[in-house]
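The block underneath contains the structure these notes are about, expressed in structure tokens.
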Amino acid sequence: MTFLGLPSSAPPSIPRPAPVSAPVSAPVPVPATDDTPQPRDLTLLYRGPLSSCDYDCPYCPFAKRRDTPEQLRADRAALERFTAWAAAREGSGDTLALLFTPWGEGLVRSWYRRALVELSRLPHVRRVAIQTNLSCRTDWLAAADLSALALWVTYHPGQVRQDRFLAKCRELDALGVRYSVGVVGQPEHLPEARRLRAALDPGVYLWINAAEGRSYTDAEAADWAALDPHFGYSRHAHPSAGLPCRTGESVLSVDGDGTVRRCHFVRDVLGNLYDGSYRARLAPRGCPLPVCDCHIGYVHLETLPLYDLFGAGVLERVPQHWPPADA
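Quick look at the structure:
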């Protein structure tokens, strides 16, 4: 299984944009250059070159990795360019839903916090969310439009005390932030996950990701499903070859340099975000891979009922009817 959008094995190197000589504190807005007038409702999964994280989870290939100052400046410049592009779509007729899926932890960096606040306040951005371990402070969220901003939070046993993590969750609750919390379904995590479910507000959805390379007996799966009734979607990879998927039509993956692909797992290039060349390639298409085993991929398969399940909470992984009426 993949974990939070990470491939099952890390790439040998992560492409990084060349260092930017212009000051990143004053990015130049990128005007929209698309020639196609047809408005689009687009979901963009953005992943820039950031690959550093403050945690060292044994199942993650980017644990405790450090970026150099030059690499951090390049990541900041790439993110600010993306944010400027998104802002420039106002008035174009496009609406945007944006999910940041960084290789590392973004919210410990000021430019990610600032980007989420700015994007949440744009009228044509219906949702902006990020995957995070919630190791950052939370006070910055008070400046955001919380009707548009949401968090996809992962709890990592062994990296942070549960009481400290729960204190951050209660800060989110007090602010009125929409968020989900998840745990990787390692056997040794089950007791912590049970305590976490008992301590979280009932209105917070706790999701469980199947651990990479692990098969679950029915009894093991039942233990996890008692915490996450939708664990069954993560337990097994989903056949996808040739099946219709929203990626490549309304859902796209964007790299730090603006390269557009249908998703994080299909490397074929559709064009570039900043010259508008991707627009001509937007079309329905079947998946070219035999299976899809990551939530941020298979959630968009049209053969699965996950858009009905999650509704407006697709990006932050919050079911639209949560908690269940019979809970």
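Under our numbering, think of the first position of the sequence shown as 562, with each following residue one higher.
Yeah, the Cβ is synthetic: ideal placement off N, Cα and C, and Gly gets one too.
Under the 10 Å beta carbon count, glutamate 679 is surrounded by 16 or more other beta carbons and is classified as buried. Taking a C-beta distance under 8 Å as the contact criterion, valine 812 and threonine 662 do not qualify as a contact pair. Per DSSP, aspartate 816 is one residue of the beta strand (DSSP E) stretching across 812-816. Under the three-state reduction of DSSP, glycine 746 is assigned to coil, being neither helix nor strand.
The C-beta of glutamate 666 has 16 or more other C-beta atoms within 10 Å across all chains shown, which makes the residue buried.
Taking a cut-off of 8 Å on C-beta distances, the region 667-677 does not touch the region 828-847, as fewer than three cross pairs fall below it.
Residue pairing for serine 776: DSSP places it in no beta bridge. Within the same chain, Ala711, Arg739, Tyr740, Ser741, Tyr766, Phe871 come within 8 Å of valine 879 by CB-CB distance, once the 5 residues on both sides are set aside.
The alpha-carbon separation between leucine 834 and valine 721 amounts to approximately 37 Å.
The C-alpha of alanine 649 is placed about 10 Å away from the C-alpha of aspartate 655. Apart from the 5 residues on each side of it in sequence, glutamate 651 sits with its Cβ closer than 7 Å to the Cβ of Leu683, Pro684, His685 in its chain, given in chain order. Relative to the Cα of glycine 819, the nearest Cα in the group Thr693, Leu659, Pro600, Gly609 belongs to Gly609. Within the region 693-719, complete beta strand (DSSP E) segments of at least 3 residues are found at 710-715, given in chain order. In the same chain as phenylalanine 726, and ignoring 5 residues on each side of it, the C-beta atoms closer than 6 Å to its own belong to Tyr716, in chain order. Just measuring C-alpha positions, the residue of Ala782, Pro800, Ser801 sitting nearest phenylalanine 792 is Ala782. Each residue's CA atom was taken as its position, placing leucine 633 and aspartate 779 some 45 Å apart.
Per DSSP, aspartate 602 is one residue of the beta strand (DSSP E) stretching across 602-608. Rounded to whole angstroms, arginine 674 and aspartate 615 show a C-alpha spacing of 16 Å. Between cysteine 730 and leucine 707 a beta carbon distance of about 15 Å is seen, past the 8 Å cut, so the two are scored as non-contacting.
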